[in-house]
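A.B. asks: Note that my numbering has the sequence shown beginning at 78, numbered continuously upward.
Pasting a structure here, questions to come.
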Amino acid sequence: MAPAVAFAALVHALRPPAGTTAPLRLAVVRAALTVGAYAVLVVEGLGALGALTAPAVALAWLLFLAGAGALAGLRRRRSPDHRPWAPTVDRLRDFRRTATRGELLLAGGIGVLVLAELVVALLAEPNNFDSQTYHLPKIERWVAQADLTPWPTAIHRQVTIPPGAEYLLLHLRLLTGGDALYNLLQWAAGIGCLLLVARIVAQLGGGRRAQLLAAFLIGTTPMVTLQATSTQTDLVVAAWTAGVATLALDGLRRRATAGEVLALGAATGLIAITKTSGLLGAAPMLVLWGVAQLRVTTAGPAPAAPPDGGRLRGTLRTVGASVAILLVAATLAGPFLIRMTADFDHPLGPPRLRESVPMQRHDPQSILVNGLRIAHTALDTPIAPLRDASAAAIGAVARLVGVDPQDRAITFGTTTFPVRSWYPDEDRVAFPLAGTLCLIGGALALLRPRRITPAHAGALRAYAVAVGVAVLLHVSTIKWQPWGNRLILFALVLAAPLAALWLDALFGRRARIRAEDGAADTDRPRKATGRRSVAVGLAVVMLAGSALAGVLAISYGFPRRLVGAGSLLTTSDWDTRFLRRPHWAEEFRWAARQVDEAGARRVGLVQQNDNWEYPWWLLLRDGAPYGRSDREIVALQSVLPDRPAADPGSVDAIVCTGNRDVCADLVPDGWRLEFRGYVGYAVPPT
């Protein structure tokens with residue numbers, strides 16, 4: 078409870094002055110960044126001391142709660158007559174009184190989905206595939222060793238993938254003793270994304286309906302709906318990236334304060350420590366902020382130009398603020414990068430990681446083909462002829478420009494294009510409706526911004542350019558992969574305000590025309606009016622389709638669903654963890670039971686890079702069904718050059734997943750090796 082109470086206190090303490098756009102949402106952003114940065118620093122600090130234990134973390138949060146409470150109390154004493162929640166309550170009352178039927182439908186749809194996601198997040202055990210392999214095992218390893226020292230492992234992603242989201246989950250693990258609340262991190266990040274896209278719309282001149290449209294568009298996107306109940310990390314990085322965007326927009330017309338610079342640095346650092354691909358979205362926003370700050374700090378009162386000294390001071394101030402942002406970001410991400418450099422001689426990890434995901438070709442033809450394939454996967458639909466025709470067209474374009482569409486330099490691993498991605502799976506599901514609306518909104522924001530928000534046309538176009546650059550950076554640097562839709566979720570969140578502003582302008586023009594036609598006889602061209610009516614009708618249909626997609630995703634989505642086979646309401650907790658691989662559930666239990674009956678104190682792991690490790694921690698650690706307090710789990714293979722694996726002869730039992738032959742090669746002579754499908758174990762002779 079301490080982190081949640083401290084967060085609420087900070088929302089009160091860090092609220093901006095009157096006149097700020099969407100002040101409560103900005104206060105939430107500031108509080109989230111403060112809590113997130115503190116959580117990362119606590120893990121790094123306690124990890125360096127070898128004190129990553131439940132009492133130490135609890136003490137850290139009690140101290141933080143005391144500090145947050147003191148700040149909130151100080152703020153209250155400075156404004157004794159101010160009721161912090163009164164403006165919000167007044168706005169809610171005003172909304173209930175003045176909202177149109179459409180606005181009520183939008184708000185109601187968002188609320189229903191958010192509550193349904195909360196139910197699923199609380200009911201479901203963590204069962205994401207990657208989480209079983211590396212997201213959650215690394216947390217258990219940190220708990221076991223009480224520090225962050227890299228360990229021998231066959232799964233390099235446990236130590237090479239940025240661990241920002243796992244740092245936050247580690248606090249929950251130590252404070253609660255288990256993983257029951259893990260899904261709430263992404264759920265909270267999803268709410269953060271809804272608040273952030275709505276605030277960005279407000280900053281760009283959008284009214285209440287436009288803000289609701291942005292939140293509705295993101296909230297009903299199946300990828301968001303499914304990930305909001307998951308232990309993946311894409312919504313977390315999307316929220317931090319949108320945080321950079323909204324803070325950058327605050328700096329378009331006024332000089333940034335020291336607090337805003339610190340917030341930008343914290344958001345950037347949290348992106349870097351969570352998922353570095355999010356920096357592709359943050360970088361254009363930071364450049365936009367820097368250019369705006371140069372203009373603001375070097376411009377004098379019109380029509381006079383500032384003196385050279387003033388211009389120089391303004392430039393130095395902006396440069397200094399930019400350096401401060403980088404220093405704050407480095408404070409959060411630096412320790413992890415230092416550990417990577419120490420183990421792999423490179424801050425981005427081993428060559429296998431650096432070469433598998435990033436593009437190896439950057440010529441325009443390869444970037445074009447990569448971008449077309451990414452777009453095809455993101456906009457996939459259940460209409461097979463459309464999917465096949467568009468894939469064939471992309472293949473024809475690739476051949477025309479001399480690029481193999483399966484080139485390993487622009488394609489991840491051994492995967493092949495195309496793949497089906499329309500079905501509601503949390504790792505792959507496409508977003509054709511939201512994506513199409515974002516593309517239209519982005520194009521119109523670039524070409525005709527005055528038709529969307531006349532008073533904020535310049536800011537809208539600049540923001541659209543930044544979003545476009547982020548997309549271009551992604552398709553230029555990240556290879557196509559079947560699950561790539563997750564990786565561009567941050568771009569969808571950044572682009573949603575553009576779609577919402579365009580839709581709001583479209584609906585607004587239609588309403589004005591109806592009002593004018595009803596007030597006076599007009600000779601408006603029927604053709605133009607008809608086209609506008611068709612556009613409005615199509616937009617409404619797409620929004621309704623998006624709502625339906627969101628409902629279907631939360632109801633039937635995989636691997637957490639409310640109805641149908643594998644429903645959370647009818648499936649046991651243990652079987653829920655294995656909905657992706659149901660036949661493994663009993664196999665893991667069988668092997669763990671045999672190891673426990675053998676009295677093993679030290680257990681060796683044999684596995685491959687994509688195998689599930691987390692079930693062993695659930696079954697064999699202290700307090701688990703087959704656990705014991707003095708048991709140690711060690712790896713018998715290691716891909717870290719300076720972290721040798723344990724000697725198979727030093728363990729009391731071995732558990733294996735995947736390839737039996739690999740396991741047999743490591744089992745000492747004379748041991749009994751048993752396998753059932755995917756899982757095996759080996760014990761010495763009795």
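We put the CB at the ideal spot given by N, CA and C, even for glycine.
What you are looking at is a predicted structure, and each value in this text was computed from that prediction instead of being measured.
In the DSSP output, what is V552 paired with across the bridge?
C.D. replies: DSSP lists no partner for V552.
A.B. asks: Using a threshold of 8 Å, state whether the C-beta atoms of R152 and A193 are closer than that.
C.D. replies: Not closer than 8 Å, so no.
A.B. asks: Quick check on DSSP: helix, strand or coil for G681?
C.D. replies: Strand.
A.B. asks: Measure the alpha-carbon distance for H439 versus S553 and round it to whole angstroms.
C.D. replies: When rounded, the distance between both Cα atoms is 6 Å.
A.B. asks: Please give the ranges of any alpha helix (DSSP H) in the stretch 638-703, keeping only runs that are unbroken, at least 4 residues long and fully inside the region.
C.D. replies: The qualifying runs are 650-654, 661-674, 691-697.
A.B. asks: Check Y244 in the structure and name its three-state DSSP category.
C.D. replies: Helix, per DSSP.
A.B. asks: When the Cα of I731 is compared with those of D699, D687, A668, N688, which residue comes out closest?
C.D. replies: For I731, the nearest C-alpha among the options comes from A668.
A.B. asks: Buried or exposed, going by whether 16 or more other CB atoms sit within 10 Å of the CB of S156?
C.D. replies: Exposed: under 16 other Cβ atoms inside 10 Å.
A.B. asks: F752 by DSSP, collapsed to three states: which one?
C.D. replies: Of the three classes helix, strand and coil, the one that applies to F752 here is strand, per DSSP.
A.B. asks: Whole angstroms is fine: what's the gap from W693's alpha carbon to A360's?
C.D. replies: Distance between the alpha carbons of W693 and A360: 40 Å.
A.B. asks: Please confirm whether L578 and L537 have their CB atoms less than 8 Å apart.
C.D. replies: Result yes, Cβ atoms of L578 and L537 sit closer than 8 Å.
A.B. asks: At which residues does the alpha helix (DSSP H) containing T374 begin and terminate?
C.D. replies: T374 -> alpha helix (DSSP H) spans 356-375.
A.B. asks: Between the stretch 117-124 and the stretch 327-339, do at least 3 Cβ pairs fall closer than 8 Å?
C.D. replies: The answer is no - the stretch 327-339 does not touch the stretch 117-124, with fewer than three Cβ pairs under 8 Å.
A.B. asks: The beta strand (DSSP E) with I460 in it runs from where to where?
C.D. replies: From DSSP, I460 is part of no beta strand (DSSP E); its letter is neither H nor E.
A.B. asks: Tell me, please, which residues DSSP counts as bridged to A712.
C.D. replies: Partner(s): L682.
A.B. asks: Mind the definition here: the stretch 406-417 touches the stretch 211-222 only if three or more C-beta pairs lie below 8 Å; say whether that holds.
C.D. replies: No, because fewer than three Cβ pairs between the stretch 406-417 and the stretch 211-222 fall closer than 8 Å, the two stretches do not touch.
A.B. asks: Give me the DSSP bridge partner(s) of W557.
C.D. replies: Answer is T488.
A.B. asks: I'd like the list of long-range same chain contacts for P380, defined as Cβ closer than 8 Å, with 5 residues on each side in sequence excluded.
C.D. replies: Low per-residue confidence applies at P380: pLDDT is 44, beneath 50, and the placement is therefore not dependable, though the value from the model is reported in the following sentence. Closer than 8 Å at Cβ, skipping near neighbours: no residue.
A.B. asks: Less than 8 Å between the C-beta atoms of K352 and V314, yes or no?
C.D. replies: Their beta carbons are under 8 Å apart, which means K352 touches V314 by this criterion.
A.B. asks: Beta carbon of S307, beta carbon of Y691: below 8 Å?
C.D. replies: For S307 and Y691, no; Cβs fall outside 8 Å.
A.B. asks: How close, in whole Å, do the beta carbons of R563 and Q309 come, if the pair is a contact with beta carbons under 8 Å?
C.D. replies: At roughly 7 Å, the Cβ-Cβ gap stays under 8 Å, so R563 and Q309 are in contact.
A.B. asks: Out of T165, A176, A257, point me to the one whose CA is closest to L199's CA.
C.D. replies: Comparing Cα-Cα distances from L199 to each of T165, A176, A257, the minimum goes to A257.
A.B. asks: Are at least three pairs of beta-carbons, each pair with one atom in the stretch 164-174 and one in the stretch 621-635, less than 8 Å apart?
C.D. replies: No, they do not touch.
A.B. asks: Is the beta carbon of P509 sitting closer than 8 Å to the one on L456?
C.D. replies: Yes.
A.B. asks: Near A104, what residues of its chain come up, given a Cβ to Cβ distance below 7 Å and the 5 sequence neighbours on each side ignored?
C.D. replies: Excluding positions up to five away in sequence, the list reads V88, L91, R92, P93.
A.B. asks: According to DSSP, simplified to helix, strand and coil, what is A532?
C.D. replies: A532: helix per DSSP, three-state reduction.
A.B. asks: Using a threshold of 8 Å, state whether the C-beta atoms of P501 and Y633 are closer than that.
C.D. replies: Contact flag set, yes.
A.B. asks: For A344, collect the residues of the same chain with a Cβ closer than 6 Å to its Cβ; drop the 5 residues on either side in sequence, then sort them by chain order.
C.D. replies: L110, W317, G320, V321.
A.B. asks: Please classify Q288: is it buried, with 16 or more other beta-carbons within 10 angstroms of its beta-carbon, or exposed?
C.D. replies: Buried, since its Cβ has 16 or more Cβ neighbours within 10 Å.
A.B. asks: Can you look up A507 in the DSSP assignment and give me helix, strand or coil?
C.D. replies: In this structure, A507 counts as coil in the three-state DSSP scheme.
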